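S.K.:
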Amino acid sequence: MLIHIKVKNSFSLLQIAPTIAAYFHISLDSPARPIKRVLEFAYARYPAPHTVVLLVVDSLDIELYYELGNEFSTLHRLAEQNGFMLECETVSNHTTPAIASILTGLRPESHGILTSADAGRSTCKSILEQMEEQGRKAGVVIEEKGTEPLIGRLSGVYGISDREDIVEYDRLITEHTISMLNRHQLQLIFSHIRTIDRFAHRGWDLHLAARITDRNIGEIADAVSGIEGLLLICGDHQAHLNTGGKGVNRKEKVPLIVAAPPKRVQHGTGLDYSSRG
Ligand SMILES: [Zn+2]
Numbered sequence: 002m003l004i005h006i007k008v009k010n011s012f013s014l015l016q017i018a019p020t021i022a023a024y025f026h027i028s029l030d031s032p033a034r035p036i037k038r039v040l041e042f043a044y045a046r047y048p049a050p051h052t053v054v055l056l057v058v059d060s061l062d063i064e065l066y067y068e069l070g071n072e073f074s075t076l077h078r079l080a081e082q083n084g085f086m087l088e089c090e091t092v093s094n095h096t097t098p099a100i101a102s103i104l105t106g107l108r109p110e111s112h113g114i115l116t117s118a119d120a121g122r123s124t125c126k127s128i129l130e131q132m133e134e135q136g137r138k139a140g141v142v143i144e145e146k147g148t149e150p151l152i153g154r155l156s157g158v159y160g161i162s163d164r165e166d167i168v169e170y171d172r173l174i175t176e177h178t179i180s181m182l183n184r185h186q187l188q189l190i191f192s193h194i195r196t197i198d199r200f201a202h203r204g205w206d207l208h209l210a211a212r213i214t215d216r217n218i219g220e221i222a223d224a225v226s227g228i229e230g231l232l233l234i235c236g237d238h239q240a241h242l243n244t245g246g247k248g249v250n251r252k253e254k255v256p257l258i259v260a261a262p263p264k265r266v267q268h269g270t271g272l273d274y275s276s277r278g
């Protein structure tokens, strides 16, 4: 007789905040469990917690991750050579509640954050606020309106004003994430890039969107390697594809890439400049 044992190989976006909380020994009020594999990987690299960058790539679902594998070469390299990828179930089809769930570990019906106005009124505390209250520094680089409830509550808050040129918007998010990473000694930085989502909504070329996004991810990964940090990258919901009315059933899963980007070998003179000055 065959006995099928159901092995859990599917995770949820709700588990990201509890995993970060466990890594930093922070308490967080979420019913979701930390992801053991992420903690084992993180502690194997850095027994004492190092800086974590959490990057949400809007609309990056599991199908786009594979379909645009050529364009997402950096992302796949991070997953295959410097870490791993887990498929996560989504909790909402909309950005604001999905990101609130990623940051709180609570389902949308529990956190009640459906619009950015709700975020300002909510009494639910995100992992970012819990870190600060429990003695660890956290920062965000996100759309300007989303920063309002966080000003004065986090060590690093940088807002980028929303604009029609989403490629420029993501450039600014990328540059300021890197700058926050290098200038301030924060332990958790959250940022959110949106080119894929915008291109998907408008039916524009997703190959181009993926190339642009992959370049931004590569620059952030280089900066994370420079400070010996950990990089978590995930989607927020399945892509809203403009399929011209043809209904396509996409899986409600997004990738979570967990990586410790390696320190880049400096080619050049071979001289050690570290003792200068
Ligand atoms: Zn979204």
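Residues in the sequence shown are numbered from 2 upward in steps of one, following the numbering used here.
C-beta atoms are modelled at their ideal positions from N, C-alpha and C, and glycine is treated no differently.
None of the values given here were measured: they were computed from a predicted structure.
1. Given this structure, state the Cα-to-Cα distance separating Thr1 from Leu189, to the nearest angstrom.
2. Check for me: the alpha helix (DSSP H) holding Phe85 runs from which residue to which?
3. Is Thr91 near ligand 1, going by C-beta to nearest heavy atom under 7 Å?
4. Whose C-beta lies closer than 7 Å to the C-beta of Ser70 among residues of the same chain, with five residues either side of it excluded?
5. Could you spell out the range, first to last residue, of the beta strand (DSSP E) harbouring His185?
6. Please work out which residues of its chain come closer than 8 Å, Cβ to Cβ, to Gln16, disregarding the five sequence neighbours upstream and downstream, and give them in chain order.
7. Beta carbon of Ile152, beta carbon of Val158: below 8 Å?
8. Does any heavy atom of ligand 1 sit closer than 7 Å to the C-beta of Ser60?
9. Between the alpha carbons of Thr214 and Ile197, how many angstroms are there, rounded?
10. Look at the Cβ atom of His238, then the Cβ atom of Ala99, and state whether they are nearer than 8 Å.
11. Given that a residue counts as buried once 16 or more other Cβ atoms are within 10 Å of its Cβ, and exposed if not, what is Thr75?
12. Quick check: the Cα distance between Phe200 and Thr178, rounded to an integer number of angstroms?
13. In angstroms with no decimal places, state the Cα-to-Cα distance between Ser93 and Tyr44.
14. With distances taken from CA atoms, which of Glu220, Ile63 and Ser13 is nearest Leu182?
15. Less than 8 Å between the C-beta atoms of Ala240 and Leu65, yes or no?
16. Between which two residues does the beta strand (DSSP E) carrying His193 extend?
17. Can you name the start and end residues of the alpha helix (DSSP H) that Lys252 belongs to?
18. Rounded C-beta distance between Asp171 and Arg203? I'm assuming under 8 Å.
19. What is the rounded straight-line gap between the Cα of Pro1 and the Cα of Asp206?
20. I'd like the list of long-range same chain contacts for Glu41, defined as Cβ closer than 8 Å, with 5 residues on each side in sequence excluded.
21. With 16 other CB atoms within 10 Å as the buried threshold, where does Thr91 fall?
22. Using 8 Å as the threshold, is the C-beta distance between Glu149 and Gly121 below it?
23. So Pro19 and Ser31 are supposed to be a Cβ contact under 8 Å. How far apart are they, rounded?
24. Is it buried or exposed for Ala261, if we count other Cβ within 10 angstroms and need 16 for buried?
25. Compare the C-alpha of Arg216 against each of Lys254, Ile174 and Val259 and name the closest.
26. Which residue comes first and which comes last in the beta strand (DSSP E) that contains Leu207?
27. Quick one: is Pro263 buried, meaning 16 or more other Cβ sit within 10 Å of its Cβ, or exposed?
28. Is Asp171 near ligand 1, with its Cβ less than 7 Å from a heavy atom?
M.R.: So, from the data block:
1. A query on residue 1 cannot be resolved here, the shown segment of the chain reaching from 2 to 278 and no further.
2. For Phe85, no alpha helix (DSSP H) encloses it; the enclosing beta strand (DSSP E) starts and ends at Gly84 to Glu90.
3. Outside the cutoff, so no.
4. In the sequence on display, residue 70 carries Gly and not Ser. Counting only Cβ-Cβ distances below 7 Å, and skipping sequence neighbours, we find His77.
5. Segment: none, His185 is in no beta strand (DSSP E) and carries neither H nor E.
6. These residues qualify, in order along the chain: Ala33, Arg34, Pro35, Ile36, Cys89 and Gly106.
7. Contact annotation: Ile152 and Val158 have beta-carbon atoms nearer than 8 Å.
8. Flag set: Cβ of Ser60 near ligand 1.
9. Going by the C-alpha atoms only, they are around 7 Å apart.
10. Yes.
11. Thr75 comes out buried.
12. In a straight line, the C-alpha of Phe200 is about 22 Å away from that of Thr178.
13. Spanning the two alpha carbons is a distance of roughly 31 Å.
14. For Leu182, the nearest C-alpha among the options comes from Glu220.
15. Yes, they are a contact pair.
16. For His193, the enclosing beta strand (DSSP E) begins and ends at Leu189 to Ile194.
17. Counting along the chain, Lys252 falls outside any alpha helix (DSSP H), and DSSP gives it neither H nor E.
18. Not quite, the Cβ-Cβ distance comes to about 15 Å (not below 8 Å), so this is no contact.
19. An answer regarding residue 1 cannot be provided, because it is not within the stretch 2 to 278 covered by the chain.
20. Nothing meets the Cβ criterion.
21. Flag for Thr91 reads buried.
22. Between Glu149 and Gly121, the C-beta gap is smaller than 8 Å, which places the two residues in contact.
23. In this structure Pro19 is in contact with Ser31, their Cβ atoms being roughly 5 Å apart against a cut-off of 8 Å.
24. That one is buried.
25. Checking every option, the nearest Cα to that of Arg216 belongs to Ile174.
26. Here Leu207 belongs to no beta strand (DSSP E); instead the alpha helix (DSSP H) covers Leu207 to Gly227.
27. Exposed.
28. Residue side-chain check: Asp171 keeps its Cβ at 7 Å or more from all non-hydrogen atoms of ligand 1.
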